[in-house]
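Student: One line per chain: the protein sequences are A and B, in this order.
According to the working numbering, the first sequence is numbered sequentially starting from 106.
According to the working numbering, the second sequence is numbered sequentially starting from 106.
Don't be surprised by glycine CBs; every beta carbon is placed ideally from N, CA and C.
This is the structure I have questions about; it appears just below.
There are 2 protein chains.
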Amino acid sequence: MSRDPSCLFCRIVHKEHPAQILHQDDQVTAFRDSNPQAPTHLLVVPNQHIRGVAELGEEQGPLLGRMIQVANELARREGITTHGYRLVFNVGREAGQSIYHLHLHLLGGRPMRWPPG
Amino acid sequence: MSRDPSCLFCRIVHKEHPAQILHQDDQVTAFRDSNPQAPTHLLVVPNQHIRGVAELGEEQGPLLGRMIQVANELARREGITTHGYRLVFNVGREAGQSIYHLHLHLLGGRPMRWPPG
Numbered sequence: 106m107s108r109d110p111s112c113l114f115c116r117i118v119h120k121e122h123p124a125q126i127l128h129q130d131d132q133v134t135a136f137r138d139s140n141p142q143a144p145t146h147l148l149v150v151p152n153q154h155i156r157g158v159a160e161l162g163e164e165q166g167p168l169l170g171r172m173i174q175v176a177n178e179l180a181r182r183e184g185i186t187t188h189g190y191r192l193v194f195n196v197g198r199e200a201g202q203s204i205y206h207l208h209l210h211l212l213g214g215r216p217m218r219w220p221p222g
Numbered sequence: 106m107s108r109d110p111s112c113l114f115c116r117i118v119h120k121e122h123p124a125q126i127l128h129q130d131d132q133v134t135a136f137r138d139s140n141p142q143a144p145t146h147l148l149v150v151p152n153q154h155i156r157g158v159a160e161l162g163e164e165q166g167p168l169l170g171r172m173i174q175v176a177n178e179l180a181r182r183e184g185i186t187t188h189g190y191r192l193v194f195n196v197g198r199e200a201g202q203s204i205y206h207l208h209l210h211l212l213g214g215r216p217m218r219w220p221p222g
């Protein structure tokens, strides 16, 4: 599996940096955001180092399917499905991407405002 | 293909309701949001009626891959890739989902704030 030794999220996936991991399987890892913006704020990342959404093509469909499935399962476990939740990918610096390892934000547990930032 | 005759986005997909369609293929349709929240604000939807993210499982991975690929292509066509863009799924009413036909928001052309709503 490709990894980048300088990448924070690669280090979390490989248990070399602390995080509250809620799910890990052969493809994805999910953990709590260290700077939460809602009562529930989790990140779902591929175990493999992929820089971001702009690097994704159709061939990563199965990985995306797994990421969304895990996000849905964690939303159920967190008890936030009745009122709803928001899934966000930031692509690039001005959109707010600070770590260049693909990650899906899952936010919920409070009403979400519009616009989304 | 499953469709709901009362669904606005099904009607847009089938050209029964006006929208500025930017892309359409055998799986997905993309058009401009009628209430834009950024200089570029597009929606990417499956042609098939799927209520939302909560109804997606791993088997919809290929569809998700196509949706992300189309979003990336449209971001390039809109000239917003240098500064970045944000992709958002709202799941449920309190997260801001107003149309119960799966749709991915693509926003860019201005800096995006944090939190994402």
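Would you say residue 189 of chain B and residue 213 of chain B are within 8 angstroms of each other, going by their C-beta atoms?
Tutor: On the second sequence, residue 189 of chain B is found 84 positions in, with the first residue counted as 1. On the second sequence, residue 213 of chain B is found 108 positions in, with the first residue counted as 1. Closer than 8 angstroms, so yes.
Student: Could you check whether the Cβ of residue 191 of chain A sits closer than 8 angstroms to any Cβ belonging to chain B?
Tutor: Indexing the first sequence from 1 puts residue 191 of chain A at position 86. So yes, residue 191 of chain A belongs to the interface.
Student: Quick one: what's residue 191 of chain A bridged to in DSSP?
Tutor: Translated into the one-based positions of the first sequence, residue 191 of chain A becomes position 86. DSSP output for residue 191 of chain A lists A:212 and B:195 as bridge partner(s).
Student: Let me know the secondary structure DSSP gives residue 137 of chain B once reduced to three states.
Tutor: Position 32 of the second sequence, counted from the first residue, corresponds to residue 137 of chain B. The answer is strand: DSSP assigns residue 137 of chain B an E or B state.
Student: Using 8 angstroms as the threshold, is the stretch 167-180 of chain A in touch with the stretch 121-134 of chain A, meaning 3 or more CB pairs across them?
Tutor: yes
Student: For chain A, check one thing: does any of its Cβ atoms lie closer than 8 angstroms to the Cβ of residue 134 of chain B?
Tutor: Counted from its first residue, the second sequence places residue 134 of chain B at position 29. Chain A contact via Cβ: absent.
Student: Taking the Cβ atom as the reference point for each residue, do residue 107 of chain B and residue 154 of chain B lie within a distance shorter than 8 angstroms?
Tutor: Locating residue 107 of chain B in the second sequence gives position 2, where the first residue counts as 1. Locating residue 154 of chain B in the second sequence gives position 49, where the first residue counts as 1. A contact, by the Cβ cut-off of 8 angstroms.
Student: Evaluate residue 144 of chain A with the Cβ neighbour count: other Cβ atoms within 10 Å of its Cβ, from every protein chain shown; 16 or more gives buried, anything less gives exposed.
Tutor: Residue numbering aside, residue 144 of chain A sits at position 39 when the first sequence is read from its first letter. Residue 144 of chain A counts as exposed, since fewer than 16 other beta carbons sit within 10 angstroms of its beta carbon.
Student: Which full runs of the alpha helix (DSSP H) of 4+ residues lie inside the stretch 146-182 of chain B, going along the chain?
Tutor: Listed in chain order, there is nothing to give.
Student: By the 8 angstroms beta-carbon criterion, what residues does the stretch 156-173 of chain A contribute toward chain B?
Tutor: 158, 159, 161, 162, 163, 164, 165, 166, 167, 168, 169, 170, 171 and 173
Student: Of the choices A:138, A:124 and A:209, whose alpha-carbon is the least far from that of residue 195 of chain B?
Tutor: Walking along the second sequence from the start, residue 195 of chain B turns up at place 90. Nearest option by C-alpha distance: A:209.
Student: If you follow the beta strand (DSSP E) that residue 127 of chain A is part of, which residue opens it and which one closes it?
Tutor: Counting from one through the first sequence, the residue named residue 127 of chain A turns up at place 22. Where residue 127 of chain A is concerned, the enclosing beta strand (DSSP E) stretches over 126-129.
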